[in-house]
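Visitor: When the letters of the sequence shown are read in order and numbered with my numbering, they come out as residues 526 to 832.
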Amino acid sequence: MKWKKDIIYSFIVCHLLAVLAIFPWFFSWTGVVFFVIGCFVFGVIGINVGYHRLLTHCSFSCPRWLERTIVMLGLCAMQDAPGYWVAIHRKHHQFSDEENDPHSPLVSFFWAHMGWLCVKSDEMKRGPLTERYAKDVLRDPLYAWLERNDHWLFVTLLSWLVFFAGGFGAAALSGASWQEAAQFGLSLVIWGAALRTVVVWHLTWSVNSVTHVWGYRNYATPDVSRNNVIVALLVSGEGWHNNHHADQRSARHGHKWYELDVTWLMIRLLMALGLAKNVALPSPNLAAKFNAGDPRVVPDQAAGVSE
Ligand SMILES: [Zn+2]
Ligand SMILES: [Zn+2]
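And the structure:
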């Protein structure tokens, strides 16, 4: 087995930087606010809305300027360039929990969570994989540029620098000493960038690991995907993963009235503002398609989509 040493080192460094948040020297309430808002902006808007539902599944369309803005937010979550992310996720849907699935927990829970990211393999080579699964994404010259020569990583790290420079500059301008300004800038980097990045990583990864292991199933899909309430609440709707595997294009992953899907609410907001068009809704025939005569699905679960 060949390891991706650069990825492993970056995971270690980012986790160690995130741990610095426990030291009071790196604490500021502004940093905490940046952490909370950052989880939402880069995780929910960037990854869930942008990378996942918009780019991977084309669940809706929006003006190019808005799409690129949302995708750049996703980029700042440090989960690789959009084309590669989309390619891996589309492959996951094509081979869910089969041998060619990039991250099925049928190998092991740790593999599905983050192990698969650390291993080199021919099947996961960036060029052929994006060429095969994300050609449409690479048609945008910006996304194609991000894919080349680790440009995506430089842009992400640049965003960390902006956190530091913004904090440092704001504190210095308000009369703080150089040391206080540096301390404030670093608190934004540790809380608003490092800790936020690591938390959003584990939240995204839990969709690949936890929701293919624990939870209930509305639909008897051929994979082992599950709807997991805790992941759905923590990851703003992405945890209704069995619903999502049953109906990949749908912009709405929460199908029952009680399946709260905050990411869908964000797309609803874009619709209300006239910014989201061609929004894919859950197919009304899902229950019939997957559950007809399936003894593993209890009748009330077979009811399907309800408003
Ligand atoms: Zn899945
Ligand atoms: Zn998906």
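By construction, the Cβ of each residue, glycine as well, lies at the ideal position given by its N, Cα and C atoms.
Model, not experiment: these values are computed from the prediction.
1) Pairing CB atoms from the segment 607 to 615 with CB atoms from the segment 566 to 585, are three or more of them under 8 Å?
2) Report buried or exposed for D786, applying the criterion of at least 16 other Cβ atoms within 10 angstroms of its Cβ.
3) Would Y658 pass as a contact of R615 if the rule is Cβ separation under 7 Å?
4) Could you tell me the boundaries of the alpha helix (DSSP H) in which D531 lies?
5) Whole angstroms are fine: how far does the CA of L579 sit from the CA of G518?
6) Please confirm whether any heavy atom of ligand 1 lies closer than 6 Å to the CB of S750.
7) DSSP state of V804, grouped into three classes?
8) Take E763 and list the residues in its own chain whose beta-carbon comes closer than 6 Å to its own, dropping the five residues that flank it on each side.
9) Whole angstroms are fine: how far does the CA of Q708 sit from the CA of R593?
10) From the DSSP output, in three-state form, read off K660 for me.
11) Buried or exposed for D825, going by 16 or more other Cβ atoms inside 10 Å?
12) Is the Cβ-Cβ distance between L717 and G556 less than 7 Å?
13) Which same chain residues, not among the five before or five after V723, have their C-beta less than 7 Å away from its C-beta?
14) When the Cα atoms are used, what is the spatial distance from F620 to F560?
15) Tell me the rounded alpha-carbon separation between K645 and F815.
16) Assuming T848 and A612 make a contact with CB atoms under 8 Å, what is their CB distance in whole Å?
17) How should R589 be labelled, buried or exposed, when 16 other C-beta atoms within 10 angstroms of its C-beta is the threshold for buried?
18) Return the chain-ordered list of same chain residues with a C-beta closer than 8 Å to the C-beta of V804, the five sequence neighbours on each side being excluded.
Guide: Concretely, from the data shown:
1) yes
2) As a first step, residue 786 is located in the sequence shown; it is residue number 261 there, counting from the start. It is buried - the Cβ of D786 has at least 16 other Cβ atoms within 10 Å.
3) On the sequence shown, residue 658 is found 133 positions in, with the first residue counted as 1. On the sequence shown, residue 615 is found 90 positions in, with the first residue counted as 1. Yes, they are a contact pair.
4) Taking the sequence shown and counting its residues from 1, the one referred to as residue 531 is at position 6. K530 to V544 is the span of the alpha helix (DSSP H), which, as asked, contains D531.
5) A question about residue 518 goes unanswered here, because the residues of the chain that appear run from 526 up to 832.
6) For the purposes of this step, residue 750 is taken as the residue at position 225 of the sequence shown. Answer for S750: yes, Cβ within range of ligand 1.
7) As a first step, residue 804 must be located in the sequence shown, where it is residue number 279. If DSSP states are grouped into helix, strand and coil, V804 belongs with coil.
8) If you number the sequence shown from 1, residue 763 lands on position 238. So the qualifying residues of the chain are N573 and V732.
9) The residue labelled residue 593 in the question sits at position 68 within the sequence shown. The residue labelled residue 708 in the question sits at position 183 within the sequence shown. Roughly 33 Å separates the two Cα atoms.
10) Locating residue 660 in the sequence shown gives position 135, where the first residue counts as 1. Here K660 sits in helix by DSSP.
11) The residue given as residue 825 occupies position 300 in the sequence shown. Confidence at D825 is low in this model, with a pLDDT of 43, below 50, so the placement of that residue should be treated as unreliable; the coordinate-derived value is given next. When all chains shown are included, D825 counts as exposed.
12) Residue numbering aside, residue 717 sits at position 192 when the sequence shown is read from its first letter. Residue numbering aside, residue 556 sits at position 31 when the sequence shown is read from its first letter. Residue identity check: residue 717 is Gly in the sequence provided, not Leu. Yes, the Cβ-Cβ distance between G717 and G556 is below 7 Å.
13) Against the sequence shown, residue 723 aligns to sequence position 198. If we look at V723 and ignore the five residues flanking it on each side, its Cβ neighbours are C539, H540 and A543.
14) By 1-based counting over the sequence shown, the position of residue 620 is 95. By 1-based counting over the sequence shown, the position of residue 560 is 35. Rounded to the nearest angstrom, the two C-alpha atoms are 35 Å apart.
15) Numbered from its first residue, the sequence shown carries residue 645 at position 120. Numbered from its first residue, the sequence shown carries residue 815 at position 290. Roughly 36 Å separates the two Cα atoms.
16) Missing from the structure shown is residue 848; the chain here goes from 526 to 832 and no further.
17) As a first step, residue 589 is located in the sequence shown; it is residue number 64 there, counting from the start. The residue is exposed, with fewer than 16 neighbouring Cβ atoms inside 10 Å.
18) Residue numbering aside, residue 804 sits at position 279 when the sequence shown is read from its first letter. Taken in chain order, the residues that qualify are S584, F585, A776, I792 and M796.
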